[in-house]
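The numbering used here applies: residue 20 is where the sequence shown begins, and numbers increase by one.
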Amino acid sequence: MKKSILTISLTALLIVLMNVSNYACTNFLITKGATIDGSTMISYSADSHVLFGELYHWPAADYPEGTMMKIYEWDTGKYLGEIPQAKHTYNVVGNINENQVSIGETTYTGREELQDTTGLIDYGTLIYTALQRARTAREAIQIMTDLVSKYGYYSTGESFSISDPNEVWIMELIGKGPGVTGAVWVARQIPDGYISGHANHARITTFPFNKVNNFNDPKQTTFHSTDVISFAREKGYYTGEDKDFSFSDVYAPIDFGGARFCEARVFSGFNKVNSQMGQYLDYAMGKDLKNRMPLWVKVDKKLSVHDVMGLMRDYYQNTPMDMTQDIGAGPYKSIVRWRPMTWKVDGESYLHERAISTQQTGFSFVAQSRSWLPNPIGGIIWFGVDDTYTTVYAPMYCGMTRVPETFAVGNGSIMEYSDNAAFWVFNQVSNFAYTRYSDMIKDIQPVQQDLEKGFITEVNAIDKVAGELYKTNPEFAIEFITNYSVTQGNNTVYTWKKLYAYLFTKYLDGNIKYSQTVPEGDAYIPPVVKFPGYSESWYKMIVKDAGDKLKVIGSDGH
């Protein structure tokens with residue numbers, strides 16, 4: 020019996036690790052009362068080794084009665100079927116629409132037997148269909164749950180971040196099994212002044228049970244499917260009292276992998292904004308799975324949009340999981356680890372940490388909604404591609420009617436290189452930096468920060484001009500913000516191309532070169548070349564491994 024249980028546990032852990040490795044994402048959800056300017060924000064990193072980072076765009080449109088919309092699974096492009104199209108759809112830029120509604124996600128999988136591969140609606144379709152149809156976060160929740168109720172849910176367990184200018188919600192959803200239409204789900208509004216987060220593990224535990232979902236009642240801050248508890252009883256997942264029912268514990272029980280590879284990322288983000296998070300370190304590291312983190316935490320200090328960008332640039336700094344502090348970081352303190360995430364030595368299993376900042380990010384964003392501005396101007400998706408630690412978040416207004424060529428769909432793909440596609444340009448810089456990280460990151464970050472801080476300053480001025488224009492000529496105002504976002508997006512990529520050229524020439528062949536001014540009358544002057552070598556600690560590890568084989572005899576070498 021013990022052997023059987025162990026085999027099942029190892030199999031379950033392997034499934035979790037495979038899922039985290041290939042489809043891992045991270046979200047943070049920030050309420051109005053937790054931000055300096057009173058905006059709401061959600062952040063999202065879409066992490067996958069096969070996802071090409073590009074900025075999606077669906078223009079607003081009107082459709083004749085009877086128009087059908089084809090459904091393709093977002094992850095694979097597989098055709099799933101079609102559903103009736105809405106009469107009118109809203110403009111969508113990336114993951115925000117013209118009404119300042121934004122949606123992000125992370126996949127937690129949960130009980131695999133509950134996936135319904137006969138369902139018509141996958142999680143990507145839920146996101147982008149709701150964005151095209153929703154005016155508020157509450158309406159997005161209603162649209163999404165109605166879609167799966169009517170057409171079936173194709174994907175595995177999913178957590179969603181859903182925001183508008185006034186409210187921020189987390190919703191968690193999972194199917195009912197093969198051939199069973201619908202899903203069980205819970206949605207909770209994040210209390211004002213708090214932030215929440217999710218990273219590939221279900222986070223909603225207990226919740227107040229309601230008899231009726233009234234989406235128009237501002238006092239109702241929890242919605243759920245009517246059978247979220249009764250279905251669990253029918254399946255034999257739960258036998259306790261309703262008041263003790265925990266969505267996460269029932270539909271996605273926590274294990275070591277769920278804590279260490281998933282919840283740890285949420286912990287690290289919370290740890291940056293709340294000084295009381297140290298009590299959950301053992302939980303995040305998978306040592307104490309009963310001491311679960313809260314769904315949301317109150318911030319010690321209100322956050323700016325730049326602070327939220329910083330949350331997405333985390334590699335467990337100032338925690339025992341700091342990725343620069345073990346030998347896997349190499350001689351140049353790298354914050355990335357090549358997959359697989361787990362391996363065995365002498366029959367024992369070991370791991371690489373899975374941080375928020377990771378090499379396989381397709382795209383990421385901070386979506387900001389501001390209630391004091393007209394909707395097309397108030398919403399901004401600060402959008403970047405590739406590794407969050409080396410990306411640049413450029414401001415894309417939600418009312419813009421076209422996207423930068425460098426970020427546009429069709430300009431390259433994951434297997435088709437394009438020399439002016441943002442994804443490939445940013446990957447050139449980051450992947451070259453991985454070879455000498457601690458040195459090159461010092462050249463990358465000043466350019467990154469200058470661009471982002473410049474954008475934040477510029478946006479304040481653009482908002483004012485666009486806001487005044489919108490009062491008398493909305494179309495001209497929208498063209499104004501479109502031109503701004505397109506220009507800055509393209510300029511960001513061109514700046515990054517120049518940065519790559521600078522890094523490549525400076526760090527070619529493992530040395531570091533510095534230009535010199537050519538003296539008057541001379542034809543040229545060679546650069547200064549330095550050979551900084553490795554750190555003393557790294558040399559000691561080389562000697563420990565190689566012993567006297569590398570010892571110099573009779574001289575000090577060259």
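All C-beta atoms, glycine included, are put in the ideal place defined by N, C-alpha and C. Since the structure is predicted, the reported quantities are computational estimates derived from the model, not experimental observations.
Query	Result
Using the DSSP secondary-structure output, state which residues sit across from isoleucine 460 in a beta bridge.	Answer is none; isoleucine 460 lacks a bridge partner.
Among Val478, Ser294 and Gln104, whose alpha-carbon lies nearest the alpha-carbon of glycine 85?	Gln104
Please list, in chain order, all residues of the same chain as serine 40 whose beta carbon is under 7 Å from its beta carbon, the five residues on each side excluded.	The pLDDT assigned to serine 40 is 43, lower than 50, so where the model puts this residue is not dependable; a value taken from the coordinates is nonetheless given after this. These residues qualify, in order along the chain: Arg358, Pro359 and Met360.
Measure how close the beta-carbons of glycine 72 and glycine 381 come, nearest whole angstrom, since I'm counting them as under 8 Å.	4 Å
For the 8 Å Cβ check, are there 3 or more pairs between the stretch 270-287 and the stretch 211-223?	yes
Output yes or no for whether 8 Å exceeds the beta carbon distance between lysine 352 and serine 267.	no
If I measure Cβ to Cβ from alanine 79 and keep anything under 8 Å in the same chain, skipping five residues before and after, which residues do I get?	His107, Thr108, Tyr109, Asn110 and Glu117
Runs of 3 residues minimum, wholly inside the stretch 153-196: which ones carry the beta strand (DSSP E) assignment?	176-182 and 187-194
Less than 8 Å between the C-beta atoms of lysine 51 and serine 62, yes or no?	no
Are the stretch 145-152 and the stretch 418-429 touching by the rule of at least three beta carbon pairs closer than 8 Å?	no
Say whether the stretch 299-315 touches the stretch 377-392, bearing in mind that this needs 3 or more beta-carbon pairs closer than 8 Å, one atom from each stretch.	no
For isoleucine 500, which residues of its own chain have a beta-carbon under 8 Å away from its beta-carbon, when the five flanking residues on both sides are left out?	Pro395, Ile396, Tyr416, Gly418, Met419, Ile481 and Ala485
Less than 8 Å between C-beta atoms, sequence neighbours within five positions excluded: which residues of the same chain meet that for alanine 202?	Thr164, Val167, Ser168, Tyr172, Leu192, Ile193, Gly194, Lys195 and Ser244
Quick test of your reading: leucine 48 and isoleucine 189, contact by CB under 8 Å. State the CB separation rounded to the nearest angstrom.	6 Å
Where does isoleucine 55 land, buried or exposed, given buried means 16+ other C-beta within 10 angstroms?	exposed
Determine the extent of the alpha helix (DSSP H) in which asparagine 502 is found, giving its start and end residues.	493-525
Give the DSSP bridge partners of lysine 317, in chain order.	Tyr213
For lysine 230 and proline 184, I'd like the C-alpha separation in whole angstroms.	28 Å
For the ligand SAM, I want to know if glutamate 186 counts as a neighbour, meaning its beta carbon is within less than 7 Å of at least one of the ligand's heavy atoms.	With respect to the ligand SAM, the structure offers nothing, as it holds no ligand at all.
Alanine 348: buried (16+ other C-beta within 10 angstroms of its C-beta) or exposed?	buried
Quick check on DSSP: helix, strand or coil for methionine 415?	strand
Please classify threonine 175 as buried or exposed, where buried requires at least 16 neighbouring CB atoms within 10 angstroms.	buried
Is the beta carbon of methionine 328 closer than 8 Å to that of tyrosine 213?	no
Do you know offhand how far lysine 7's Cα is from leucine 330's?	The structure shown does not extend to residue 7, since the chain is modelled only from 20 through 577, so no value can be given for it.
Let me check understanding here. Comparing Cα to Cα, which of Pro350, Gly366 and Thr536 lies closest to isoleucine 561?	Pro350
So which of Thr224, Asp319 and Gly540 has the shortest CA-CA distance to methionine 206?	It should be noted that the sequence gives alanine, not methionine, for residue 206. Closest by alpha carbon: Thr224.
Rounded to the nearest angstrom, what separates arginine 130 and glycine 288 at their Cα positions?	27 Å
Assuming leucine 300 is part of the alpha helix (DSSP H), what are its boundary residues?	300-303
Across which residues does DSSP place threonine 54 in a beta bridge pair?	Leu322
Which whole-angstrom value is the C-beta distance of phenylalanine 242 and asparagine 232, which I expect to be below 8 Å?	5 Å
Tell me, to the nearest whole angstrom, how far the beta carbon of alanine 204 is from that of valine 269; I am working on the premise that it is less than 8 Å.	A quick correction: the sequence has tryptophan, not alanine, at residue 204. Going by Cβ atoms, the distance from tryptophan 204 to valine 269 rounds to 13 Å, so no, they are not a contact pair.
Would serine 449 and aspartate 406 be called neighbours here (beta carbons separated by less than 8 Å)?	yes
Whose C-beta lies closer than 8 Å to the C-beta of glutamine 298 among residues of the same chain, with five residues either side of it excluded?	Asn310
Determine the closest residue to threonine 506 out of His371, Ile90, Glu477 and Met459, with distance taken between C-alpha atoms.	Glu477
Counting C-beta neighbours from all protein chains within 10 Å, is the total for serine 504 16 or more, i.e. buried, or is it exposed?	buried
Could you tell me the distance, in whole angstroms, from the CA atom of lysine 461 to the CA atom of alanine 542?	32 Å
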